[in-house]
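Quick note, the sequence shown lines up with residues 489 to 721 if you use the working numbering.
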Amino acid sequence: MFLDSKGIIWAGTGDKLVRFDYSSVIRNTDPPKTRIQSVKVNHDYFSWNTLFYAGMDDSVRNRENYAVPAFLADELRVFGRLLTDEERDTLVEKYSDIGFDGIRPFSGIPENLVLPFKYNNISFDFNSLETARPFMVKYQYMLEGYDEKWNPVTDKSTASFGNIPPGSYTFKVKALSPEGEWSGPAFYKFEILPPFYRSWWAYLFYFLLLAAGIFAVDRFQRKRLIARERQRA
């Protein structure tokens with residue numbers, strides 16, 4: 489192997505000769521694409537595909553064209569093995585109050601996630617499709633509705649948020665390439681429901697209880713006033 493006066497590298501192996509001209513290499517300067525890999529609630533590891541599949545009605549679950557390999561691969565990735573039917577039923581029962589409409593294709597994360605208030609801690613794992621120098625990619629993220637501004641740039645590819653108040657939120661994350669180009673942000677929307685004591689029916693109960701209390705006090709006062717007037721008479 490040697491470098492000639494024009495900067496071209498030559499290498500030979502017996503009957504073959506390789507010529508490499510570095511100046512002809514076209515570098516990819518496109519910004520990296522960002523994607524959200526996983527969503528965890530309360531730091532629990534479980535398969536969203538399993539929740540979706542195991543929670544289906546049997547008539548839907550047993551359709552020949554249902555993508556069974558998707559949830560099987562998800563179980564192997566999360567648990568390192570396939571779950572038994574009993575374990576899947578236990579998983580579905582444990583998280584039965586979590587709502588979502590389906591699974592986002594090629595990611596295994598839930599669509600239109602609605603969480604009860606007890607699941608108000610959420611974590612995201614994300615990455616970029618930068619193949620040349622992924623270790624040099626940096627990230628910036630924010631939880632719209634929770635953060636007032638973007639968090640500082642970091643090389644970590646995970647983000648966690650705790651004690652999130654009830655409401656609707658959008659998680660945004662973008663990647664900074666080694667060349668200094670920002671990707672467009674990836675989005676994930678979800679909702680956290682209020683606790684039972686802050687739900688509309690709880691407030692209705694409080695109102696009715698207050699109204700009943702006022703009525704009872706007023707009635708008691710009226711009876712006492714009537715009794716005094718009778719004593720005077």
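Backbone N, C-alpha and C define an ideal beta-carbon position, used for all residues, glycine too.
Between the alpha carbons of residue i and residue j, how many angstroms are there, rounded?
i	j	result
Ile524	Arg507	41 Å
Asp532	Ala699	43 Å
Phe684	Asn651	16 Å
Ile591	Ser526	11 Å
Leu579	Arg569	15 Å
Lys660	Ser645	13 Å
Arg551	Tyr541	Any reading at Arg551 must be qualified, since the residue scores a pLDDT of 47, below 50, and its modelled position is unreliable; the value itself is stated next. When rounded, the distance between both Cα atoms is 11 Å.
Val641	Val529	24 Å
Arg716	Val705	17 Å
Val548	Glu574	Caution is warranted here: a pLDDT of 45 is assigned to Val548, below 50, making its placement in the model unreliable, and the coordinate value is therefore given only provisionally. Their Cα atoms are separated by approximately 19 Å.
Ile496	Ser671	34 Å
Asn553	Lys494	For Asn553, the predicted model reports a pLDDT of 47, less than 50, meaning its position is unreliable; a value from the coordinates is still stated below. The straight-line gap from Cα to Cα measures roughly 60 Å.
Thr561	Phe605	For the sequence presented, residue 561 should be read as Ala rather than Thr. Roughly 30 Å separates the two Cα atoms.
Gly701	Arg712	16 Å
Ser535	Phe695	41 Å
Thr522	Pro682	31 Å
Arg718	Arg707	17 Å
Gly633	Ile610	14 Å
For residue i, tell me which candidate among the options has the shortest Cα-Cα distance.
i	options	result
Trp638	Pro653, Pro622, Asp613 and Thr658	Thr658
Gly668	Arg621, Arg720 and Gly500	Arg621
Leu539	Asn609, Phe567 and Phe559	Phe559
Phe649	Met630, Asp577 and Ser665	Met630
Pro666	Val625, Trp498, Arg712 and Asn608	Val625
Leu583	Asn537, Phe614, Arg565 and Pro593	As written in the sequence, residue 583 is Tyr, which differs from the Leu given in the question. Answer by Cα proximity: Asn537.
Lys677	Thr501, Asp589 and Leu505	Asp589
Asn608	Val566, Ile714 and Ile586	Ile586
Span of the alpha helix (DSSP H) holding residue i?
i	result
Thr578	Asp573 to Lys582
Leu783	Outside the displayed range of the chain (489 to 721) lies residue 783, so it cannot be described from this structure.
Cβ of residue i within 7 Å of Cβ of residue j?
i	j	result
Tyr627	Ala674	no
Leu571	Glu563	yes
Ser616	Pro520	yes
Ala647	Phe623	no
Ile603	Ile680	Before going on, a small fix: residue 603 reads as Leu here, not Ile. Closer than 7 Å, so yes.
What first and last residue would you give for the beta strand (DSSP E) that runs through residue i?
i	result
Leu681	Run containing Leu681: none; DSSP gives neither H nor E here.
Leu601	Leu601 to Leu603
Arg523	Thr522 to Val529
Tyr629	Lys626 to Glu632
Gly500	Ile496 to Thr501
Who pairs with residue i in a beta bridge, going by DSSP?
i	result
Ile714	Partner(s): none; Ile714 has no beta bridge.
Pro598	Ile591
Ile652	Paired residue(s): none; Ile652 is not in a bridge.
Phe540	Beta-bridge pairing links Phe540 to no other residue.
Ala647	Phe612
Lys660	Met630 and Phe675
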